[in-house]
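Heads up, the thing below is written out as structure tokens.
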Amino acid sequence: MTPEQVLKEFEKAGALLRGHFILSSGLHSDVFLQKALVFQNAKITAKLCKALAAKVREEVKQDFTAIVSPAVGGIVPGYEMGRQLGLPAMYVERQDGEFTLRRGFELKKNQPVLMVEDIVTTGLSSRECLDAIRKAGGKPVAAACLIDRSGGKAKLGVKFVPLASVKFPAWDANKLPPHLANTKGYKPGSRGLA
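Residues in the sequence shown are numbered consecutively from 12, following the working numbering.
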């Protein structure tokens, strides 16, 4: 799928929003990708994850035996990628502010893992998830996501496979453009929920 086709699926789901948003990263943007509206549609989610799974198979040369995703946003695409690839899918949750495997999820020592995210902006949640995988004994071999909104700038320290890479502008709170400076920001993300 091309980036345009991926964004078209978000549009179809009513998930490409315009306004003044405060992203999970703390940056401000006039575009927000409300992936929850995509994930409520199983057909669109399966279509996107099937394309991502094909891209991962093509680009990731190392084997992996599990999928691990960060809660909350990564749970649905992580599960669907596990289904598409025939692998167990687990997720990390925040406990005392740090991502950790819970609920009986376990990784074997040096178990090769694909980390799956929904949307990457700065890569902070992804890096925290990768650290949690390592702390649990796993070995992250690659990371994948539906949309990399950093336009390729996010550095994760492992092979990174986005289904689509796009660059929507995002600004620090003290450097807002005029069209956002006089409007109240809305924080629709999930950081702090899990």
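Yeah, the Cβ is synthetic: ideal placement off N, Cα and C, and Gly gets one too.
Since we're looking at a predicted model, the values are computed, not measured.
Taking each of K120, G115, P88 in turn and checking the Cα distance to A57, the smallest one comes out for P88. Bounds of the beta strand (DSSP E) holding M126 are 123-131. In this structure, V67 is the residue among Y197, V67, S35, L27 with its C-alpha nearest to the C-alpha of V124.
Put simply, of G168, A192, G163, A154 the residue whose alpha carbon is nearest the alpha carbon of E70 is A154.
The three-state secondary structure of T194, taken from DSSP, is coil.
Secondary structure at R105: strand, using DSSP grouped into helix, strand and coil.
The straight-line gap separating the alpha-carbon atoms of I33 and S40 is approximately 7 Å. With fewer than 16 other beta carbons inside 10 angstroms of its own, D183 counts as exposed. CA-to-CA, the gap between K61 and T13 works out to about 14 Å. The three-state secondary structure of T111, taken from DSSP, is strand.
Under DSSP, R145 shares a beta bridge with no residue. Shortest Cα-Cα distance from G196 to any of Q16, L18, G37, K19 involves G37.
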